[in-house]
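Numbering (my numbering), first residue to last: 26 to 628. Glycine included, every Cβ here is placed at the ideal spot set by N, Cα and C. Take a look at the structure set out below.
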């Protein structure tokens with residue numbers, strides 16, 4: 026691997042220096058440390074109990090179903106109570122003797138500290154509840170209970186009925202809290218509100234039909250009331266709120282930097298990541314050109330080879346895009362791609378495959394408009410259940426031209442790479458493995474690191490492609506996705522801190538990123554609707570690369586890829602900053618971000 030940018034030297038992480046000092050803390054007797062561990066365990070249990078009670082939708086998503094009959098309280102008063110709740114636990118957490126904790130407890134302590142800081146930043150400084158109407162989309166709170174098989178249907182539907190009856194209060198809070206909003210966020214909230222209505226009307230119907238008359242009638246009445254409330258709310262979104270939707274969605278440098286460092290769990294300045302991403306663009310295009318050459322000769326043996334590298338790449342990508350899919354075939358093709366992924370991982374013995382179940386579904390309407398696919402795993406507290414790999418077909422209001430563009434981007438070869446990322450051996454495998462991590466408290470498994478999750482999923486794409494999965498055709502798509510990963514980080518920061526215009530963003534994505542217009546437009550929308558999340562892919566990818574490089578250095582000729590993957594995943598979905606200590610990796614001063622290069626495969 027080539028290292029091109031020094032980042033996050035160890036002195037930026039005093040927490041890590043405490044880890045290195047642990048063997049020398051002879052003055053702290055084991056009994057004292059064990060007492061400190063017990064104190065923290067009791068503290069974390071109290072926090073979780075109050076956290077779940079205060080935020081029932083989060084509790085349900087994580088697998089605690091005691092509060093399934095409630096929705097979160099989104100009122101302004103509840104927001105102030107939440108701030109007081111987090112401040113209280115933050116102040117108590119600061120009083121703990123961190124050096125007396127054992128290694129596992131110290132990690133969980135740091136994860137909880139980070140979680141509380143993020144929540145306080147969100148509520149006190151970012152304050153999206155005042156300007157982002159997407160905060161109040163209610164579909165998830167219903168859909169996740171319906172689709173999870175953790176409880177008998179009658180019991181789940183009682184909870185669904187209770188939550189439907191709570192919907193008007195959520196919508197009242199939105200009207201109370203929202204001031205001036207960004208137009209794009211408001212438009213997306215309108216679409217998702219319509220999707221929530223469609224979900225209540227269509228998705229719930231077969232479940233309601235299977236119930237006995239008394240419960241069925243009660244649910245139908247609750248659903249009618251909820252739909253009426255959502256329609257009234259939709260009129261308010263389209264009318265009064267849209268009339269004042271003149272807000273700026275761009276965070277600005279100060280807010281973006283703080284969110285960047287909190288969400289990525291780093292002291293790195295955003296500009297460092299931006300510089301690394303922009304530097305890697307040209308090198309990645311060079312690698313892509315090399316891969317494209319052999320395919321070009323194979324596809325067009327009688328044609329002269331273009332001298333321009335971008336033209337070679339674009340011709341090959343256009344040829345691959347001809348193997349397009351459709352709304353009616355994409356789910357079936359994804360199921361086929363999943364079987365191929367599983368067979369390849371087993372044959373190459375890349376990583377241990379858990380026995381958890383995975384189901385591919387059409388993405389519900391209320392979730393569309395931000396991402397093309399997602400992996401929705403059972404909560405860490407669930408017993409049983411299955412992971413959902415959701416894929417979004419094209420919206421019904423799209424033109425045929427835009428629909429064709431979408432499926433040129435998400436062609437058969439790209440779908441294989443997407444399946445690697447979201448399912449096997451990407452998010453699905455990683456989350457299923459993390460669920461088996463025996464952490465000292467519930468904190469680690471309940472609050473996963475997005476940096477690690479996206480880092481693993483993008484890293485393993487490269488492992489699969491370089492191992493031959495899908496041939497050079499999929500390698501082209503994987504490299505195209507790596508370009509997308511770099512451009513994600515670039516536009517994320519340039520939009521929110523440097524005023525990048527839509528025309529500039531689309532030109533970058535379609536030019537250097539070789540993206541279809543529909544993909545570029547969708548990504549622009551996502552980059553405006555979110556912030557920092559698009560940077561987690563590149564940052565996380567580089568951190569996983571760094572861990573592998575250091576592990577290879579440690580093991581030398583005894584390096585085994587499956588052993589590395591299994592150990593890496595065994596600690597749960599934690600920030601990569603903890604792994605050097607847990608895996609006893611050689612220290613590098615400073616750490617680095619690595620340029621793309623082929624990764625060594627097992628023999």
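Within the DSSP secondary-structure output, residue 399 pairs in a beta bridge with 415. Within the same chain, 157, 158, 159, 274, 554 come within 7 Å of residue 210 by CB-CB distance, once the 5 residues on both sides are set aside. In the DSSP assignment, residue 340 falls outside any beta strand (DSSP E) and lies within the alpha helix (DSSP H) extending over 334-346. Distances from the alpha-carbon of residue 78 to those of 68, 94, 349 put 94 closest. With fewer than 16 other beta carbons inside 10 angstroms of its own, residue 112 counts as exposed. Under the three-pair Cβ rule at 8 Å, the region 441-455 does not count as touching the region 516-533. Within the region 286-338, the complete alpha helix (DSSP H) segments of 4 residues or longer fall at 295-324, listed in chain order. The criterion of a C-beta distance shorter than 8 Å is not satisfied by residue 320 and residue 489. Nearest Cα to residue 384 within the set 345, 359, 595, 548: 359. With fewer than 16 other Cβ atoms from the protein chains shown falling within 10 Å of its own Cβ, residue 205 counts as exposed. Restricted to the region 445-523, the alpha helix (DSSP H) segments that are unbroken, complete and at least 4 residues in length are 452-459, 468-471, 475-491, 496-523, listed in chain order. Residue environment analysis places residue 403 among the buried positions, since at least 16 neighbouring C-beta atoms fall within 10 angstroms of its C-beta. The beta carbon of residue 140 is closer than 7 Å to those of 472 in its chain, skipping five residues each way along the sequence. In this structure the region 253-270 touches the region 194-201; the number of beta carbon pairs closer than 8 Å is three or more. Sixteen is the threshold: since fewer than 16 other Cβ atoms of the shown chains lie within 10 Å of the Cβ of residue 330, the residue is exposed.
Residue 133 is positioned such that its CB atom lies closer than 8 Å to that of residue 465. Within the region 81-111, the complete alpha helix (DSSP H) segments at least 4 residues long are 81-87, listed from N- to C-terminus. Around residue 96, the same chain offers 81, 82, 163, 166, 188, 191, 192, 194, 195 as residues with beta carbons nearer than 8 Å, after the five sequence neighbours per side are excluded. Inside the region 163-232, DSSP marks no whole beta strand (DSSP E) run of 3 or more residues. Using a Cβ distance threshold of 8 Å, residue 417 and residue 397 count as a contacting pair. The secondary-structure analysis by DSSP pairs residue 383 across a beta bridge with 412.
Using a C-beta cut-off of 8 Å, the region 519-526 makes no contact with the region 504-511, since fewer than three inter-stretch Cβ pairs fall below that distance. Contact between residue 434 and residue 540 holds, since their C-beta atoms are separated by about 7 Å, short of 8 Å. When C-beta atoms of the region 268-282 are compared with those of the region 215-226, fewer than three pairs fall below 8 Å, so the two segments do not count as touching. With 16 or more other Cβ atoms from the protein chains shown falling within 10 Å of its own Cβ, residue 341 counts as buried. By a beta-carbon distance limit of 8 Å, residue 401 contacts residue 413. Their separation comes to about 4 Å.
Annotation for residue 278: 522 place their beta carbon closer than 6 Å to its own, counting only its chain and skipping 5 residues before and after. Under the three-state reduction of DSSP output, residue 274 falls in the coil class, being neither helix nor strand.
Counting C-beta atoms within 10 angstroms of its own C-beta, residue 65 has 16 or more neighbours from the protein chains shown and is therefore classed as buried.
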